[in-house]
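Beneath this line is the structure, given in structure tokens, with notes to follow.
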Amino acid sequence: DTGSAAATPIDPRFDIAYVTPVTIGTPPQTLQLDLDTGSSDLWVFSSHTPASQVRGQQIYSPDKSTTSKLLDGHTWSIRYGDGSGSRGNVYTDNFAIGGIMVETQAVETAEEVSSSFTTEDNIDGLVGLGFSTLNTVSPEGQLTFFDNAKPKLDAPVFTADLKYMKEGTYDFGFIDESKYTGEITYVPVDTDPGYWTFTSSGYGVGSGTFSSSPITGIADTGTSLVYLPTAIVTAYYRQVEGATNSRSYGGYVFPCNSTLPPFVFGIGEAKFTIPPSYMSYAAVTDGSPTCFGGLQSSSGIGINIWGDVALKAAFVVFNGEEPPTIGWANK
Ligand SMILES: O=C(NC1CCCCC1)N[C@H]1[C@H](O)[C@@H](N2CCCCC2)[C@@H]2OC[C@H]1O2
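Numbering (my numbering), first residue to last: 20 to 350.
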């Protein structure tokens, strides 16, 4: 099998996250989910989510599906790096993305979600596409959609073609040569503890020299920004007039009319350029002349994160063969 599905930005002003239509159950219930390579739980707003925590999201009602089965005695609870989280119980049901159907997918129904999920009415839940070792279901961990779908796919891969303030695509089971230029550079993935962890070959700021130094981090479609070591981040913002590391805004900000250099990162011998427009992520509040940077420091996180600001500068292949690798191509 092969399949494709849209990745649509949830906000017209800046790329906070992307959602993809999925179907669950019989008859199919359609929800818009955030495909997240930085986690491995597939969870949804549901008929079990308190009405006070639902604000316009589509919900999955297992009782309206003739193919749903309660996974008796199983629960889940997850906390994300931004402090958001959710928890609940578990069903299995038919689940499809882009025509790729998995009959007994573990679908984790939310009995509680944190406020940032309630307020984000365009996200009906998440599809974790990290490695199944990260799945939080207890007492038995469940497989991700990708792990369940892999045997049916023409090739054990999925690709991300995320775009700046535009609809992109997730493809499953094939690599669409029309989506990229040049060659795909593959690098090894360390699956411990369960992220798509790889090592970049270095970075450059604008037309400055390229610094060849290994930067190990995770490819995370569920994170909006890029989080790298402080030395790299300060080298970047040194080139931005009026940039400052703001405690009140929680990161590097600068006047929106400042000229920003592009940010270059290496994958093997290949180079990828994040354009200035992606590096100016958003005004700190609507209409403010102060803008928040798409590159921030990872010093408070403990790992480096190549989020959407970097991913949308490339065509990315998540290769689930043994051993897994990750491929990057320009587009
Ligand atoms: O927490 C992270 N990343 C961290 C960011 C800070 C530095 C460490 C990594 N990603 C989450 C993201 O924020 C969530 N968010 C919900 C509200 C709408 C936008 C998306 C969504 O849920 C899980 C994942 O995606």
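Even for Gly, the Cβ is constructed at its ideal location relative to N, Cα and C. These numbers were taken from a predicted model, which means no experiment stands behind them.
Cβ separation of residue i and residue j, assumed to be a contact under 8 Å, to the nearest whole Å
i, j, result
"T218", "P233", "5 Å"
"G107", "E130", "4 Å"
"L153", "S58", "6 Å"
"T235", "T56", "Wrong, their Cβ atoms sit about 16 Å apart, outside the cutoff."
"F150", "T68", "The Cβ separation is near 27 Å, so there is no contact."
Buried versus exposed call for residue i [16 or more other C-beta atoms within 10 Å across all chains shown]
i, result
"K331", "buried"
"I320", "exposed"
"P170", "exposed"
"M298", "buried"
"E260", "exposed"
"N167", "buried"
"G201", "exposed"
"D305", "exposed"
"L145", "buried"
"A250", "exposed"
"E186", "exposed"
"V46", "Residue identity differs from the one stated: residue 46 is Pro in this sequence, not Val. It counts as exposed."
"D101", "exposed"
"E127", "buried"
Under 8 Å between C-beta atoms of residue i and residue j
i, j, result
"D82", "G192", "no"
"V328", "S230", "no"
"G22", "G118", "yes"
"Q124", "S80", "no"
"F311", "V303", "yes"
"W215", "V208", "yes"
"T86", "N113", "yes"
"L50", "I43", "yes"
"A348", "T188", "no"
"F33", "A301", "yes"
"N141", "P248", "no"
Alpha-carbon to alpha-carbon, residue j and residue i
i, j, result
"V6", "P281", "Since the first and last residues shown for the chain are 20 and 350, residue 6 lies out of range."
"S84", "S66", "12 Å"
"I286", "F273", "28 Å"
"P295", "G227", "15 Å"
"E159", "A262", "48 Å"
"Y271", "Q315", "6 Å"
"D30", "W62", "21 Å"
"Q76", "P40", "13 Å"
"Y183", "S157", "38 Å"
"E196", "G92", "45 Å"
"A238", "V283", "16 Å"
"T309", "R257", "17 Å"
"Y199", "L89", "42 Å"
"V245", "I78", "31 Å"
"T163", "S96", "16 Å"
"S277", "A333", "25 Å"
8 Å Cβ cutoff, residue i in contact with chain D
i, result
"F273", "The structure shown contains no chain D, having only a single protein chain."
message: Assess contact between the region 72–82 and the region 130–147, defined as three or more Cβ pairs (one per stretch) separated by less than 8 Å. Is contact present?
response: yes
message: Assess contact between the region 171–187 and the region 335–343, defined as three or more Cβ pairs (one per stretch) separated by less than 8 Å. Is contact present?
response: yes
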